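Numbering (our numbering), first residue to last: 19 to 1138. Idealized CB from N, CA, C, for every residue including glycine. Just so it is clear, the structure is predicted and the values come from calculations on it, not from any experiment. The structure under discussion appears below in the form of structure tokens.
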């Protein structure tokens, strides 16, 4: 059961506090019955013994310093503490840790010598002799410590001839009262125990009973014990009061902090042992009376829970169990400060004597015991002779039970003749009021622990319905929380339970009640979140003027100037010929016999057709992002040239000019792009390297790659960040301050183990700007037969190789986990999130289906680039497919589509538990138009109800169809603007200028532009007329026959695309460098050239104002 532990961390404040408590108890007059004969306390601990879990010596070390100290001798005198240990390096600062109320106490630390420690032993023995004052040496003689160091100490101690006093009771008295932090750990342990019993043990036993499997008690116990080996699967957060769920799930339930107190105990078939020392035998699980006991340890603090389950019980068993529940409640109520421990047993026996005196001989002799760092604190055993006084902060395991009862009459199955029953819960004694069990989330009511597996046919069930309804009419209804917590496979129904009936129909009814209760709970919580959102919006926009919700305009690019005057023209440029100036990045074009320069940034593209060279310019109306709009566009008096054509009889000269223009465009675009990327980077601080050898994780790959080549390297931890050092040269530095999220994803069903950093500000890796840095190691995927046998046809050598690979895989995961643990210990502000694989689902955040997994604060996909990391705190809306709408309304929403509908409720539960408001709706929405409208006046948006327009709840069914047709369009936006926004939203491109590292994009652009923009006036007029006719026809067609732009289709190729006429609107322009010049061979763009685009856009505006239902009526949309 012992688990691998991370590097412990010493807390001087906790040590000083606990040391003061030890001496307070030592000097307390009420404790002198256990301390009076002890002059010096000596505690020793050798090498770990995996067979012995509970020892007072290790418990005292855990309590005092927070972890176990191997090969250590601790000597406590009235003046202070002397510690000889091999782990002295872990106790830094212990000499300065003094109790606030006992400043005279000091702590001396002596490091253990690698060889002979005789001098250290003599020093400690001298200190012991000087402080005995006629009393004995308190020790733990019954505990055996292992190792050569302790053997040498024991020999030196025995040779000194000192008198030994057993200090077990004194240390037990010290542990009996728990402080606030200890109670917190016990509460967590109790919640884990209840969660394992409820969510794992009960479903497992139900499955065995339902399917009539033949499984032994020991096999079931081992399977339950294995759950503690992977504690991340346990989710007790809903059961733990006053504990942060994120802290518990992020760092609490790890294998080094959670383990089982003992191998779970499963008993059935007439052979029962209700003592804590019982074990599960190898008999098969019998479908009669089943007793299950288990306990969880959290940070070494124990808890315990036990329940009895009945299959086909009779009326007498139900009555006796009801009495046991009453006794259990009375015993817990007797846990009041000031009462003697024996009173707990007295009230129990008295109640049994009053109700059923014949059961007194069958009642357990010990009704429980104290617990904490030790599973069983013998000084607090609940017997009728224990006169110890109960104090606030004590922890008890209350476990009443009846042993070896016999069913009356003839019993067909002899194993059902004799039975026992027991209930056990962990309870903390409060200062006042009635104690509450920490494990109460494991149900103990009769309806929750009794089953009937009798085969009732439909006719019998129908006949029993009226009687069941009549008899169950007066039953008290269970609350929704209890209904929601039941397992769907439980054969349970409230009314049928009166007759002990458990049928398939009852199981389905219970599942429906559970679903309804969960939905009501979510709905109520979502209403609270909606109210909170409105209040936050009102506070945020109350003092702001209209239009403050978004960013005002985009960045304006600086103006470019190729030449200040004509005297700077290159001398080789000649009038009447096109000249490309590579140095000044300009193209000189002949216009009316004069050379007019155009900077290359003003040219959209150039094409050649027979004897003509056509140059297209960027003009107003082109699709460019706001941060690339030239200042000159704001000049209302400016004249723009859209295109120019030149004719030349020399095809070779035209081809040369075209090639030079395209090469210059490409080079200038790449340079501008690189400059823009680097200018947008946030300056990072310098990495401060550690002196000596830093903590590192070797043999890793990094994504993105350095220089386009994949090479191994080492991830190193330094003072203010990480450094990935490539084996082929080159470093990547990641500052702590720039890490927004850190993730550790072990290789389970994948082939790589991952450490992933999601950054606040992008950095350059090679020539790529990225916000995600990933260090990973590849692990071979391996196959293995489920029964552990060698697969057929596989040679022994291959099988051995796979076993080796499996071991390497486990080792790799362990190495990564140890590295992240050490980093967390050294960097308190950095925590690694581990994705919850069991909550994952498939979706399409980009273009391909991937497996998405939630974490405490994110939704991630870290296996394949492009990586997907969505921070939950950054969005305020969610739409299922899913659509994540960011709080920063200038950012485009994140879309995830094609999520299986069976994941709907788990995702809603996840969002609701994260306190995130979501909305549901049946239709796709034009988010670009909606967000644009909200940014115009966010205050009015929230005053009008905010996101409530997405709600589909409420209203009659008759109104649902009309509401579906009236999609949200809160603005007074013109049809043309709406059409343009929608057309842009469905466009596959955001800017006309393409930047490619491969250099093959220009040819494609040239082909598209030449087909559309090379038309003359008559051809453009003809095309516009044809487009108008087509629009008119569409308006005459019934609405049901039109294909809506928002209609859903799983096939991307089947979704509507922007028409070619619409793309003709594209292009951005610049004014000629020589102002006022008129083109000779080219034509200026006119309004007729834009008519096809305008017509197509207006046709699209109609679709933008309608709300289309999905093609699949079963498909639902979840808006968050």
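For a quick check, are the C-beta atoms of residue i and residue j less than 8 Å apart?
i	j	result
residue 841	residue 759	no
residue 769	residue 722	no
residue 355	residue 277	no
residue 322	residue 364	no
residue 88	residue 80	no
residue 64	residue 189	no
residue 397	residue 135	no
residue 724	residue 745	no
residue 857	residue 872	yes
residue 830	residue 878	no
residue 929	residue 914	no
residue 247	residue 382	no
residue 445	residue 408	no
residue 342	residue 215	no
residue 282	residue 228	no
Compare the C-alpha of residue i against each of the options and name the closest.
i	options	result
residue 127	433, 118, 138 and 134	138
residue 222	557, 310 and 68	310
residue 161	76, 109, 785 and 122	76
residue 966	407, 551 and 614	551
residue 752	762, 330, 716 and 793	793
residue 3	964, 326 and 455	Here the chain covers residues 19 to 1138 and nothing more, so residue 3 does not appear.
residue 638	903, 661, 297 and 665	661
residue 460	470, 412 and 442	442
residue 296	324, 305, 73 and 315	324
residue 912	918, 919 and 903	903
residue 180	209, 144 and 215	144
residue 78	319, 170 and 376	319
residue 332	346, 307 and 150	307
residue 205	227, 339, 416 and 457	457
Tell me which residues share the same chain as residue i and place their Cβ nearer than 8 Å to its Cβ, disregarding the 5 neighbours each side in the sequence.
i	result
residue 31	115
residue 435	288, 424, 425 and 429
residue 833	715
Enumerate in chain order the residues of its own chain whose CB-to-CB distance from residue i is below 7 Å, with the five nearest sequence positions on each side excluded.
i	result
residue 159	182 and 184
residue 56	153, 154, 156, 183, 185 and 188
residue 33	82, 83, 112 and 115
residue 453	350, 353, 445, 446 and 447
Using three-state DSSP, classify residue i as helix, strand or coil.
i	result
residue 605	strand
residue 780	strand
residue 75	helix
residue 804	Unreliable positioning characterises residue 804 in this predicted model, as indicated by a pLDDT of 41, which lies under 50. The coordinate reading is nonetheless provided below. If DSSP states are grouped into helix, strand and coil, residue 804 belongs with coil.
residue 32	helix
residue 151	coil
residue 50	helix
residue 302	strand
residue 787	strand
residue 600	coil
residue 63	strand
residue 939	strand
residue 102	strand
residue 129	strand
residue 412	coil
residue 547	helix
residue 923	helix
By Cβ distance below 6 Å, which residues in the same chain neighbour residue i in space, the five residues on each side in sequence not counted?
i	result
residue 921	859
residue 334	none
For residue i, is the beta carbon positioned less than 7 Å from some heavy atom of the ligand MG?
i	result
residue 240	The model depicted lacks the ligand MG and carries no ligand whatsoever.
(Q) Quick check for students: name the residue ranges of the beta strand (DSSP E) that lie wholly in the region 653-703, counting only runs of 3 or more. (A) 661-665
Give the list of continuous alpha helix (DSSP H) stretches no shorter than 4 residues that lie fully inside the region 155-233.
The qualifying runs are 166-177, 186-193, 198-214 and 220-229.
For this session: Kindly provide the ranges of any beta strand (DSSP E) runs that are 3 or more residues long and lie completely inside the region 857-921, ordered along the chain.
Result: 859-861, 868-872, 876-879, 886-889, 893-897 and 901-904
| said: Threshold first: 3 residues or longer. Then list the beta strand (DSSP E) segments lying entirely within the region 322-376, N to C. | reply: 323-329
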